[in-house]
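Notes follow the structure.
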Amino acid sequence: DGGITQSPKYLFRKEGQNVTLSCEQNLNHDAMYWYRQDPGQGLRLIYYSQIVNDFQKGDIAEGYSVSREKKESFPLTVTSAQKNPTAFYLCASTPRYRSTTRIQGHTEAFFGQGTRLTVV
Amino acid sequence: AQKVTQAQTEISVVEKEDVTLDCVYETRDTTYYLFWYKQPPSGELVFLIRRNSFDEQNEISGRYSWNFQKSTSSFNFTITASQVVDSAVYFCALTPGFQKLVFGTGTRLLVSP
């Protein structure tokens, strides 16, 4: 079955440690996204990538880094610079990057099951 | 600026009651899409519906219905004859003329037997 796989489901990080969250999709989607979810704040965009080897900062990119070396994969690293990393992280993908001037063949975003990161 | 407001933080109903989840949005773009997603306890977001800014027809899908009104910038979601399995957090989202989805803060729906 096609879909998005996030791993691990639960992750614990010590203070000052970098951790990497995995996101893999087999939907042949061009664009991938990382969102952070905090209680009462909905979802906020961290980073997004429209094509391989390209990515852009979202609204809350500080303390995070990403890479897009393969179309299927978009890992997110939570660095020690992120002061409050405890949250639920969701990865998403869409079939085609939406142009800034018009929406091209737009469809819904597919989401993974999320990774819950806790600082210990 | 784009913004989605879901004023209802939590709603509790008894099974078989009808319930409406409110969504009000702000955007200066003339072309945009609106979405509703369901987040069950498992965590992943499940797509429910997409509506573009040029289509104001209401839609019904089984027990779900959506009322899109551009005049009031609202895209409300009604569940008829609610069931316990409907218990989840529901998010309304907006994508204006660019790529990112802007989410509301979500409404937690609790349906008790």
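Respectively, the protein sequence lines represent chains A and B.
Each residue of the first sequence is one higher than the one before, counting from 1 in the numbering used here.
Each residue of the second sequence is one higher than the one before, counting from 1001 in the numbering used here.
Each residue gets a CB set at the ideal place from its N, CA and C atoms; glycine is no exception.
query	result
The segment 1088-1095 of chain B touching the segment 1002-1014 of chain B, judged by at least three CB pairs closer than 8 Å	yes
Cβ of F1091/B within 8 Å of any chain A Cβ	yes
Below-8 Å beta-carbon distance, L117/A vs any chain B residue	no
Below-8 Å beta-carbon distance, Q25/A vs any chain B residue	no
Sequence-distant residues of its chain with Cβ nearer than 6 Å to L992/B (five each side left out)	Residue coverage of chain B in this structure runs from 1001 to 1113, which leaves residue 992/B outside it and unanswerable.
G58/A, buried or exposed, once every other Cβ within 10 Å from all chains shown has been counted against 16	buried
Beta-carbon proximity of L121/A to Y33/A, cut-off 8 Å	Here chain A comprises residues numbered 1 to 120, so residue 121/A is not present and cannot be evaluated.
Cutoff 8 Å: Q154/A Cβ touching any chain B Cβ	The displayed coordinates of chain A run from 1 to 120. Any statement about residue 154/A would go beyond what the structure contains.
Residues in the segment 1018-1052 of chain B having any Cβ partner in chain A nearer than 7 Å	T1031, Y1033, F1035, S1042, G1043, E1044, L1045, F1047, R1050
Whole runs of the beta strand (DSSP E) within the segment 42-103 of chain A, excluding any shorter than 3 residues	43-51, 54-57, 64-66, 76-78, 87-94
Members of the segment 52-76 of chain A that neighbour chain B once the beta carbon cut-off is set at 9 Å	Q56, G58, D59
Cα-Cα separation, V66/A to W1066/B	37 Å
Distance cut-off 7 Å: E1017/B Cβ against heavy atoms of the ligand GDP	Of ligands this structure carries none, so the ligand GDP is not represented either.
6 Å CB neighbourhood of F1035/B in its chain, flanking five on each side removed	R1050, A1093
Per DSSP, cross-strand counterpart(s) of K14/A	Paired residues: none, contrary to the question.
Contact list for L1101/B against chain A, beta-carbon separation under 7 Å	A109
Span separating the alpha-carbon of S14/A from that of R68/A	Reading off the sequence, residue 14/A comes out as Lys, not Ser. Cα to Cα, the separation comes out at about 26 Å.
Nearest-angstrom Cα separation, counted from V120/A out to E1056/B	49 Å
Whole-angstrom distance between L27/A and V1102/B, CA atom to CA atom	23 Å
Extent of the continuous beta strand (DSSP E) run through V120/A	Element bounds for V120/A: n/a, residue is neither H nor E.
Cutoff 8 Å; reference A109/A; Cβ partners in own chain excluding five residues on either side	Y33, A92, S93, T94
Burial state of D1086/B (16 or more Cβ within 10 Å)	buried
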